[in-house]
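For reference, the structure is listed below as structure tokens.
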Amino acid sequence: MEISAVTDSLSLSPSFIGRQTSLFASSRLSVWFFVLCLFGLSSVCCPLSALAQAPLIVVITDNLTVEDLINPEASQLLAMARQGAISNVNASDKRARDFSAQGLPGLPLREISLANDPAALLEVAHRVSHTPASLTLLRFPISVADRVHSMRRLNILLYALYAERPEADLMIFSPQPVLRGKTLGFVLATGTSFPPGLFVSASTRTPGLITNSDLRAFLYARFSLADPQKIGGHILHFAEEKSTGEERVAQVRQSAYVAELNGRALQSVMPVIFGVIALFIFALIGFRRSWLKIGILFALNVPAALLFAPLFPPPTLPEYGGRIGAYLVGLSVIALLCERKLRVSAPLVCGFLLGAPVTLDLLCGQPLLKGSLLSGYPLSGIRFYGIGNEYLGAIVGFLLLWFLHNRKTENSDRLSRSLIFFALLLAVLFGSPTIGANAGSVIISTVGIGSTLFVLRGKTISPKRWLALALLGVALAFLVSAIEAKLFASEASHLGSAMQTAGGGGGVLSLVTIAVRKVGMNLRLFLSPFFLFAVGLGCGAVFLTTRRLREEIILFLTEHPTVRTRFSVVTATATATLLFKDSGVVSVAFLLMTVLLGLLWEMTPQKNKP
Numbered sequence: 040m041e042i043s044a045v046t047d048s049l050s051l052s053p054s055f056i057g058r059q060t061s062l063f064a065s066s067r068l069s070v071w072f073f074v075l076c077l078f079g080l081s082s083v084c085c086p087l088s089a090l091a092q093a094p095l096i097v098v099i100t101d102n103l104t105v106e107d108l109i110n111p112e113a114s115q116l117l118a119m120a121r122q123g124a125i126s127n128v129n130a131s132d133k134r135a136r137d138f139s140a141q142g143l144p145g146l147p148l149r150e151i152s153l154a155n156d157p158a159a160l161l162e163v164a165h166r167v168s169h170t171p172a173s174l175t176l177l178r179f180p181i182s183v184a185d186r187v188h189s190m191r192r193l194n195i196l197l198y199a200l201y202a203e204r205p206e207a208d209l210m211i212f213s214p215q216p217v218l219r220g221k222t223l224g225f226v227l228a229t230g231t232s233f234p235p236g237l238f239v240s241a242s243t244r245t246p247g248l249i250t251n252s253d254l255r256a257f258l259y260a261r262f263s264l265a266d267p268q269k270i271g272g273h274i275l276h277f278a279e280e281k282s283t284g285e286e287r288v289a290q291v292r293q294s295a296y297v298a299e300l301n302g303r304a305l306q307s308v309m310p311v312i313f314g315v316i317a318l319f320i321f322a323l324i325g326f327r328r329s330w331l332k333i334g335i336l337f338a339l340n341v342p343a344a345l346l347f348a349p350l351f352p353p354p355t356l357p358e359y360g361g362r363i364g365a366y367l368v369g370l371s372v373i374a375l376l377c378e379r380k381l382r383v384s385a386p387l388v389c390g391f392l393l394g395a396p397v398t399l400d401l402l403c404g405q406p407l408l409k410g411s412l413l414s415g416y417p418l419s420g421i422r423f424y425g426i427g428n429e430y431l432g433a434i435v436g437f438l439l440l441w442f443l444h445n446r447k448t449e450n451s452d453r454l455s456r457s458l459i460f461f462a463l464l465l466a467v468l469f470g471s472p473t474i475g476a477n478a479g480s481v482i483i484s485t486v487g488i489g490s491t492l493f494v495l496r497g498k499t500i501s502p503k504r505w506l507a508l509a510l511l512g513v514a515l516a517f518l519v520s521a522i523e524a525k526l527f528a529s530e531a532s533h534l535g536s537a538m539q540t541a542g543g544g545g546g547v548l549s550l551v552t553i554a555v556r557k558v559g560m561n562l563r564l565f566l567s568p569f570f571l572f573a574v575g576l577g578c579g580a581v582f583l584t585t586r587r588l589r590e591e592i593i594l595f596l597t598e599h600p601t602v603r604t605r606f607s608v609v610t611a612t613a614t615a616t617l618l619f620k621d622s623g624v625v626s627v628a629f630l631l632m633t634v635l636l637g638l639l640w641e642m643t644p645q646k647n648k649p
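Laid out in structure tokens, this is it:
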């Protein structure tokens, strides 16, 4: 057995600090809290690097889940969680996974044999505690076959490490929990630098959720091993909490459970939902058109139903699916009642039932968007905050549907201008780096709003005008990113981080690389079997609908000729979405689905209305 302990060039002045944060550290936290409030950066976060540094021992494991925090065979884990910082971890970065398996450059980690008896583990802890290293990396694999034995040995090791070196910081990191399939790992730490609370970073802007690349960046920055901005990830902060350790553990367990539940539901519940909707469209369109309308409302309400479903996650997968179905029925009933009582088109009511909660959720830290089955941020690793591609496409689709709908009244132009003002407010919200974090939203909004103004003035949207609007949107997106990079520095979102990389030596080539990567992502999504199946299903539905409702469609377009001219706004906006939005094919799919289903609702004869 070989243990590696490496000392860097930092000069440390260790002092005996027990499990509770010292008065000196608490005072420093108070000062940071006051300074951060003055600058409006944060009310609860304080950089870990600002605290007095102590020697750090990092124990890296695999197959360790959040449930192990309450495992009686590893009671020391729960003791650490009660008094230290804790968070869920997403293992989405390959470089960070390499770190968890191989260690840091120049700091190799050594594996501790599971065959060690308690006496040998105590000897390991003794050797580690008597080295002058400021950073020690240990790897302790958890055996799935003999889990009880593994957890007991881990418990002994942690207890011995803390008993031998109480002034040191101790961190447990499990980036790849594979015991029960695809789910979140966790990290917890106690000691001088880790008062009770939840980890948070600019990668997720969510207390209690980080990425393993953030931990990697934190170690590089704390021990001056490399520039964190050049290796990805953000330096960890923590949000102090006055809640009990059990409450913090419960919060982390809840987040991991929702992520795991969504991971299983994505393969079982979602196909059932869309299969039922497809049956309505294909099988019932020629049988009873009122049933078709029910299918349309169900389809339009899917994003909102999935947004609300994780509010109170049920214990079983079938109950989760049943709850989603109940939300679909409830939202559809509300839309029908509003249409009958308030004389407002049911699809527009569906848009309000989605847009209002999403807007409020963005302003409140996005707890609903992060837990939604439709976005599935924690597991995908694509986006951890802001509005996702699916919800962005649906909301833009509802806004365009509102514009197409405002044609029957004498004040339609006034209503359309009011819509533009409302869309502008949403564009500011969705394009805000710290809230929406979506450069594509700025470009899409510029093209959509500009096209709408052209149409309202009786002008056509020529290729030159579309290109001018698109270039204006790109310029605005660059401006917003540059301002954020300047103001927020290390706390910038991925927009500002890209500009920082370009300004820090990466140059324009780094931005071109990002753009090429986004194009490649769009191509992979477009050519995936699932997406091709969805496209085929949609095209089949459109073909069947145009054949079955040919007379109704001709009559509708004859009675409302402005729909044809105004639909050019939809085409221009969808094109910009496809070209400038990462995963734009997904956003376009939801945008077009929303618009076409809303128009289909109006084309269906009212006499068959349920």
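For the sequence shown, counting from 1, position 365 maps to 404 in this note's numbering; every step adds exactly one. For glycine and all other residues, C-beta sits at the position ideal for the given N, C-alpha and C.
Q: Below 6 Å CB to CB, which residues in the same chain sit around isoleucine 363 once its five sequence neighbours on both sides are set aside?
A: Ala344 and Ala348
Q) Going by C-alpha distance, which of Ala199, Gly410 and Phe179 is nearest leucine 350? A) Gly410
Q: Look up glutamate 150 in the DSSP assignment and give the residues it is bridged to.
A: Arg178
Q) In terms of DSSP beta bridges, what is valine 98 paired with? A) Leu177 and Ile211
Q.
Less than 8 Å between the beta carbons of phenylalanine 277 and glycine 236, yes or no?
A. yes
(Q) If contacts are defined as beta-carbon pairs under 8 Å, then leucine 115 and tyrosine 198 qualify, I think. What distance do you get, rounded to the angstrom? (A) At residue 115 the sequence reads glutamine, which differs from the leucine that was named. Contact holds; Cβ gap of about 5 Å.
Q) Three or more C-beta pairs closer than 8 Å, one from the segment 119-127 and one from the segment 163-177: is that the case here? A) no
Q) Shortest alpha-carbon distance to arginine 255 belongs to which of Leu223, Gly247, Leu176 and Trp330? A) Leu176
**Q.** Distance, valine 494 Cα to valine 608 Cα
**A.** 8 Å
Q: Classify isoleucine 96 as buried or exposed, calling it buried when 16 or more other Cβ atoms lie within 10 Å of its own Cβ.
A: buried
Q | Whether leucine 275 touches phenylalanine 225 by CB criterion (8 Å) | A | no
(Q) By the three-class DSSP mapping on this structure, what secondary structure does asparagine 428 have? (A) The answer is helix: DSSP assigns asparagine 428 an H, G or I state.
Q | Residue range of the unbroken alpha helix (DSSP H) whose run includes leucine 370 | A | 356-381
Q. Secondary structure at phenylalanine 233, three-state DSSP: helix, strand or coil?
A. coil
**Q.** Sequence-distant residues of its chain with Cβ nearer than 8 Å to alanine 509 (five each side left out)
**A.** Ile482, Thr485, Val486, Ala615, Leu618 and Phe619
Q: For valine 128, write down the residues that DSSP places opposite it in a beta bridge.
A: Gly224 and Ile249
Q: Determine the burial state of isoleucine 593: buried for a count of at least 16 other Cβ atoms within 10 Å of its Cβ, exposed for fewer.
A: exposed
Q | glutamate 112, enclosing alpha helix (DSSP H) - first and last residue | A | Unbroken run through glutamate 112: none, as it is neither H nor E.
Q) Buried or exposed: which applies to histidine 273, given that a residue is buried once 16 or more other Cβ atoms fall within 10 Å of its Cβ? A) Histidine 273 should be labelled buried.
Q) In this structure, does DSSP put glutamate 279 in helix, strand or coil? A) strand
Q) CB glutamate 401 to CB isoleucine 426, shorter than 8 Å? A) Rather than glutamate, the amino acid found at residue 401 in this sequence is leucine. Result yes, Cβ atoms of leucine 401 and isoleucine 426 sit closer than 8 Å.
Q. Is the Cβ-Cβ distance between glutamate 378 and serine 384 less than 8 Å?
A. yes
**Q.** Supposed contact pair isoleucine 500 and alanine 395 - C-beta distance, whole angstroms, cut 8 Å
**A.** Not confirmed; about 30 Å, so no contact.
Q) For proline 406, which of Thr245, Thr100 and Thr604 has the nearest alpha-carbon? A) Comparing Cα-Cα distances from proline 406 to each of Thr245, Thr100 and Thr604, the minimum goes to Thr245.
Q. Rounded to the nearest angstrom, how far is the Cβ of threonine 398 from that of serine 213, given a contact under 8 Å?
A. Not a contact, Cβ separation roughly 36 Å.
Q: Would you mind stating whether proline 352 and tyrosine 430 have Cβ atoms separated by less than 8 Å?
A: no
Q.
For leucine 464, count the other beta carbons within 10 Å of its own beta carbon; 16 or more makes it buried, fewer makes it exposed. Which is it?
A. Under this definition leucine 464 is an exposed residue.
Q.
For aspartate 107, count the other beta carbons within 10 Å of its own beta carbon; 16 or more makes it buried, fewer makes it exposed. Which is it?
A. buried
Q: Identify, in the order they occur along the chain, each residue of the same chain with its Cβ nearer than 8 Å to the Cβ of valine 602, setting aside the five sequence neighbours on each side.
A: Leu443, Arg446, Phe595, Leu596 and Leu638
Q. Anyone know if the C-beta pair for arginine 178 and arginine 149 falls short of 8 Å?
A. yes
Q: Quickly, what does DSSP pair phenylalanine 238 with across the bridge? List them, please.
A: Beta-bridge pairing links phenylalanine 238 to Phe277.
Q) Cβ of isoleucine 373 within 8 Å of Cβ of leucine 393? A) no
Q: Counting only the same chain and skipping the five closest in sequence on each side, list residues whose C-beta sits under 6 Å from that of valine 627.
A: Ala613, Thr616 and Leu617
Q.
Check this for me: beta carbons of threonine 376 and tryptophan 441, under 8 Å apart or not?
A. Looking at the sequence itself, residue 376 is leucine, so the reference to threonine does not match. Cβ atoms of leucine 376 and tryptophan 441: not closer than 8 Å.
Q. Is the beta carbon of alanine 516 sitting closer than 8 Å to the one on alanine 478?
A. yes
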